[in-house]
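A.B. asks: Positions in the sequence shown are counted from 1; adding 373 to them yields our numbering.
Here a beta-carbon is modelled for each residue, glycine too, at the ideal position from N, C-alpha and C.
None of the values given here were measured: they were computed from a predicted structure.
This is the structure I want to talk about, given as C-alpha cells.
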Amino acid sequence: MRRDDFDRLQALRARLDAEALGEIERVLPPLQPEDAAAVADDDAVDLDRDAILEAARQRLEPDIGDAMPRYPVEALGPLAGVCRAIADGKQVEAAIVGNGLLATSALLASIHWDVETIDGDRRPLSLFALTVAVSGAGKDVSDRIVGAALHRWQRQANETYRQAMRDHEAALGGRRKGEPAPEPPTAPHRLCSDMTVEGLRRAYNEGVAAQAVFSTEGAAVLAGHGFADENRSKTAAALCSLWDRGDLSVLRAGGGRFERSGLRLSAHLAIQPVAVTQALHDPLLAQIGLWPRFLLAWPPSPRPRRHHVWRAEDDAVVRRWWARCEELLALPEPDGERLVLRLSDEARQVLADFFETCERRAARGGDLWGVRPFALRASEQATRAAGVLAAIRGHAVVGADDAQNGVALAAYSLQCWQVALGRRQRDKAADHAMTLLRWLLDRPGARASNTEIIRQGPRALRNAEARDASVARLVEVGVVRVRDGIVAVVGDSPSPPAAKAAKAAKSLDCQGFAHGEEVAKDGESPAHRADPSPAVRRFSPAVRRTGNLAAQGFSPDSPLSPGVDAANHEPLVDDDTEVF
Numbered sequence: 374m375r376r377d378d379f380d381r382l383q384a385l386r387a388r389l390d391a392e393a394l395g396e397i398e399r400v401l402p403p404l405q406p407e408d409a410a411a412v413a414d415d416d417a418v419d420l421d422r423d424a425i426l427e428a429a430r431q432r433l434e435p436d437i438g439d440a441m442p443r444y445p446v447e448a449l450g451p452l453a454g455v456c457r458a459i460a461d462g463k464q465v466e467a468a469i470v471g472n473g474l475l476a477t478s479a480l481l482a483s484i485h486w487d488v489e490t491i492d493g494d495r496r497p498l499s500l501f502a503l504t505v506a507v508s509g510a511g512k513d514v515s516d517r518i519v520g521a522a523l524h525r526w527q528r529q530a531n532e533t534y535r536q537a538m539r540d541h542e543a544a545l546g547g548r549r550k551g552e553p554a555p556e557p558p559t560a561p562h563r564l565c566s567d568m569t570v571e572g573l574r575r576a577y578n579e580g581v582a583a584q585a586v587f588s589t590e591g592a593a594v595l596a597g598h599g600f601a602d603e604n605r606s607k608t609a610a611a612l613c614s615l616w617d618r619g620d621l622s623v624l625r626a627g628g629g630r631f632e633r634s635g636l637r638l639s640a641h642l643a644i645q646p647v648a649v650t651q652a653l654h655d656p657l658l659a660q661i662g663l664w665p666r667f668l669l670a671w672p673p674s675p676r677p678r679r680h681h682v683w684r685a686e687d688d689a690v691v692r693r694w695w696a697r698c699e700e701l702l703a704l705p706e707p708d709g710e711r712l713v714l715r716l717s718d719e720a721r722q723v724l725a726d727f728f729e730t731c732e733r734r735a736a737r738g739g740d741l742w743g744v745r746p747f748a749l750r751a752s753e754q755a756t757r758a759a760g761v762l763a764a765i766r767g768h769a770v771v772g773a774d775d776a777q778n779g780v781a782l783a784a785y786s787l788q789c790w791q792v793a794l795g796r797r798q799r800d801k802a803a804d805h806a807m808t809l810l811r812w813l814l815d816r817p818g819a820r821a822s823n824t825e826i827i828r829q830g831p832r833a834l835r836n837a838e839a840r841d842a843s844v845a846r847l848v849e850v851g852v853v854r855v856r857d858g859i860v861a862v863v864g865d866s867p868s869p870p871a872a873k874a875a876k877a878a879k880s881l882d883c884q885g886f887a888h889g890e891e892v893a894k895d896g897e898s899p900a901h902r903a904d905p906s907p908a909v910r911r912f913s914p915a916v917r918r919t920g921n922l923a924a925q926g927f928s929p930d931s932p933l934s935p936g937v938d939a940a941n942h943e944p945l946v947d948d949d950t951e952v953f
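Here is the structure:
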C-alpha cells in the first residue's frame, strides 16, 4: 500500500471512529463542568482502583437474588415450622434453610421408599439441591442445625464401625486354615462433602445404598477433581444416572466393571454467586442435563442482622425435627426393593395438571422455551418433593396437599432457573464493560481515545459496536466520562439521579411489576390477580382457581384442583399440616 493511500485510510478510520463516539456523546447526559475538570488533568485524578472496580461491579452486576421469587415456606408442609424457626432464630433467608431441609429429608426418605409417578412408574426420592447465596448469608450455620441429628448419628455409627473393623481383623487373624474369611462390616458412612466417580464407586461398594453429598463450599466441589476438564462429563453422567434410577456403572482400568442398581444419592451444594455463573453456563453440563435435575434456591442478599440470642437445642420445633431424623435413621434398611409411596387420585390429578402445563409452556413459542430442559423435569421434581414430604409425615400415600406443595416447590425452582439463565446476555455485556474499565485503570491517567480502544484495547472490544456498548454501560453507572473523543475514568461517581430512576423504572417494567409494588410476592395480591404477567409469578398459586386459569395455562373448562372450595375458589387449608 502506498503511503498516501495509507494516510487516507487512517484519516477515514479516525473520522468514522469520531462519528461513532459522537453518537454516544449525543445520547448521553452532557458533561458537567466539574466532570470536565476531573478529566482535564492527569495529575488531578486520584483514583482508588479497588473502590472504583467494586462500585462498578455492584452497579453493573446487581444482586440477581433481588429479582428472584420469594421462597414458598408454606409449601414445605411438615417442614415449614422448623424452617421458620431456624430462619428467624439465626436470621438467615428461608430459602437457604428450606433447600437444606428438603435435601436432608430426601436422603432420609430415600433409604426406605420410592414414589409412584403419574404414569404408574416408580422413581427414587433422591433430590439434588443447589443454593446460591453470598458469603455471610448463613449457609454454614443453617447446614449445621438442619443436619445436626444426621451428623450426630454418623459420628456414633463411625465409632461402632471402627470397633466392628477391629473385631473383623481379629477374626481374620484367628481363623483356621481352610475356613472361609468372614464378611467385613458394612461402612455406615452416608455423608461426604466432595465426590468423584471413583469415590462414589468405592463408597457404594463398601457402604450403604443411600448416601449424600452435602457441602457449603459448592465451589470446591465444582472446581475439584471430579469436575476437572478430563472428568467433568463422566461425573455429570454418573450423577444423572444416580438421580434418574439409582444406577451406577464404572469401568475400571485393570479392575473390572462395577455395576450397582438400587442406589440413592441426594445432594445439597451451597455456593456463592460469583462462583456459580461459569458452571451454570457450561455448555457440556447443560448438554448432559445435570442442572435441570437440581432444585435451585437463590435468595436475596442478607439484610443487616440484629443482636439476638437463640439456641437451636432450646427450640421445641427444632428438637422435634431432630427426633424425626433419628426415627428414620433407626429404621432397618429394606432387604429387597423399597416400598413405594402411592399417589392418591387427587394428588395424581394435581401433578398431571402441572405436567401438562409445563409441557405446553415449554413448547416452541412458550414462555418456558428458554428453560425447556428444566420445565420438562419440573413435574418429576414436584412428584419427588411431594413424596419426601409424605414420608416425613409418616404417610404411606401422597395426598393432594403434599402434591400441591411439591408443585409449588418445583415451580419456585423453575422460576429461579428462568431468572438466572435469562440474565446471560446482560452478564456478558457487564463482563465486557468491566474488562474495559480494568484496561483503562491500567493506563496512564486512566484514559484512552476511542481509536486507542479499538487498536490497543481488550480483544473482545476491538470493534466499534462492542466498544460503544461497553463505554455506554460505564457512563451509565457513573465511572467514566466521554469528552472530545477521550474516555476517562472519573472515580466512584454516583449515577445521575434521573438515570438511576429511569433505570429502576425500566427494570420493573421489564419484569412486569407495577411501580411501588413489592417485588417478591406469593401471587395473591389483587394486583397479581389482575395482571399475572410477571414470569416469577406464573406458577403461583399452585392450585387452580377459576379466577386465573388462563394465567396458569389451564383450560377454562378444566375442573378445579382437588382441595379447592368451588364456591370461594380458595384452598381448603388443614390447620394441622405442620409436623415440625
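What is the DSSP secondary structure of W526, reduced to helix, strand or coil?
C.D. replies: helix
A.B. asks: Do Q645 and S508 have their C-beta atoms closer together than 8 Å?
C.D. replies: If you check the CB distance, Q645 and S508 come in under 8 Å.
A.B. asks: Can you confirm whether R422, when its beta carbon is compared against all beta carbons of chain C, has any partner nearer than 8 Å?
C.D. replies: In the structure shown, chain C does not exist; there is a single protein chain.
A.B. asks: Using the C-alpha atoms, what's the distance from P831 back to L814?
C.D. replies: 13 Å
A.B. asks: Give the DSSP-derived three-state secondary structure of V465 in the structure shown.
C.D. replies: In the structure shown, V465 adopts coil according to DSSP, grouped into three states.
A.B. asks: Skipping 5 residues on each side, what residues in its chain have a beta carbon closer than 6 Å to that of V514?
C.D. replies: K463
A.B. asks: List the DSSP bridge partners of F600.
C.D. replies: Answer is none; F600 lacks a bridge partner.
A.B. asks: Roughly how many angstroms separate the alpha carbons of C565 and T533, rounded to a whole number?
C.D. replies: 18 Å
A.B. asks: Pick out whichever of R548, A522, Q791, R605 has its Cα sitting closest to the Cα of A696.
C.D. replies: The shortest CA-to-CA distance from A696 to any of R548, A522, Q791, R605 is the one to A522.
A.B. asks: For K801, count the other beta carbons within 10 Å of its own beta carbon; 16 or more makes it buried, fewer makes it exposed. Which is it?
C.D. replies: exposed
A.B. asks: Rounded to whole angstroms, what's the CA-CA distance from I859 to S822? Just pull it up for me.
C.D. replies: Pairing I859 with S822, the inter-Cα distance amounts to about 4 Å.
A.B. asks: Here's the rule I'm using: 16 or more other beta-carbon atoms within 10 Å means buried, otherwise exposed. How should P497 be labelled?
C.D. replies: buried
A.B. asks: Per the contact definition of three or more C-beta pairs closer than 8 Å, is the region 622-640 in contact with the region 465-484?
C.D. replies: yes
A.B. asks: My output table needs one value for V507: the three-state DSSP class, helix, strand or coil.
C.D. replies: coil
A.B. asks: Go ahead and pull the three-state DSSP assignment for W812.
C.D. replies: helix
A.B. asks: What does the alpha-carbon distance come out to for the pair A689 and D423?
C.D. replies: 47 Å
A.B. asks: Counting along the chain, where does the alpha helix (DSSP H) carrying W486 start and finish?
C.D. replies: Note, W486: premise wrong, no alpha helix (DSSP H); beta strand (DSSP E) at 486-489.
A.B. asks: Check each candidate in A735, T608, T730, A582 and name the one with the smallest Cα separation from G709.
C.D. replies: Out of A735, T608, T730, A582, the CA that lies nearest to the CA of G709 is found in A582.
A.B. asks: Using a 10 Å radius around the Cβ and a threshold of 16 neighbouring Cβ atoms, would you call V862 buried or exposed?
C.D. replies: buried
A.B. asks: Leaving out five residues on either side along the sequence, give the residues of the same chain with a beta carbon under 7 Å from the beta carbon of S478.
C.D. replies: L452, V761, I765
A.B. asks: Assign G450 to one of three DSSP states: helix, strand, or coil.
C.D. replies: Helix at G450.
A.B. asks: Inspect the CB distances between the region 594-614 and the region 453-461 and report whether three or more fall short of 8 Å.
C.D. replies: With the cut-off at 8 Å, the region 594-614 and the region 453-461 do not touch.
A.B. asks: For P673, which of L615, A467, L449 has the nearest alpha-carbon?
C.D. replies: A467
A.B. asks: Quick check on L724: buried or exposed, where buried means 16 or more other Cβ atoms within 10 Å of its Cβ?
C.D. replies: buried
A.B. asks: Helix, strand or coil for P746 per DSSP?
C.D. replies: Looking at P746 - three-state DSSP - the assignment turns out to be helix.
A.B. asks: Hey, out of Q788, D687, H681, whose CA is closest to C731's CA?
C.D. replies: Q788
A.B. asks: According to the Cβ coordinates, are A476 and H641 closer than 8 Å?
C.D. replies: yes
A.B. asks: CB L668 to CB A784, shorter than 8 Å?
C.D. replies: no
A.B. asks: Quick one: what's got a C-beta closer than 7 Å to L433's C-beta in the same chain, skipping five residues either side?
C.D. replies: Same-chain partners within the cutoff: A803, A806, M807, R846, V850.
A.B. asks: May I ask you to list the residues that DSSP assigns as paired with I644?
C.D. replies: V505
A.B. asks: What's the call for G520, buried or exposed, on a 16-neighbour Cβ count within 10 Å?
C.D. replies: buried
A.B. asks: Could you check which residue in I491, D421, E447 has the C-alpha nearest to that of S717?
C.D. replies: Closest by alpha carbon: I491.
A.B. asks: Reducing DSSP to helix, strand and coil, say where L564 ends up.
C.D. replies: L564 falls in the strand class under three-state DSSP.
A.B. asks: For the beta strand (DSSP E) holding L787, just list the boundary residues, first then last.
C.D. replies: Counting along the chain, L787 falls outside any beta strand (DSSP E), though it belongs to the alpha helix (DSSP H) covering 773-795.
A.B. asks: Assign L704 to one of two classes, buried (16 or more other C-beta atoms within 10 Å of its C-beta) or exposed (fewer than that).
C.D. replies: exposed
A.B. asks: Leaving out five residues on either side along the sequence, give the residues of the same chain with a beta carbon under 6 Å from the beta carbon of G599.
C.D. replies: M568, T569, T608
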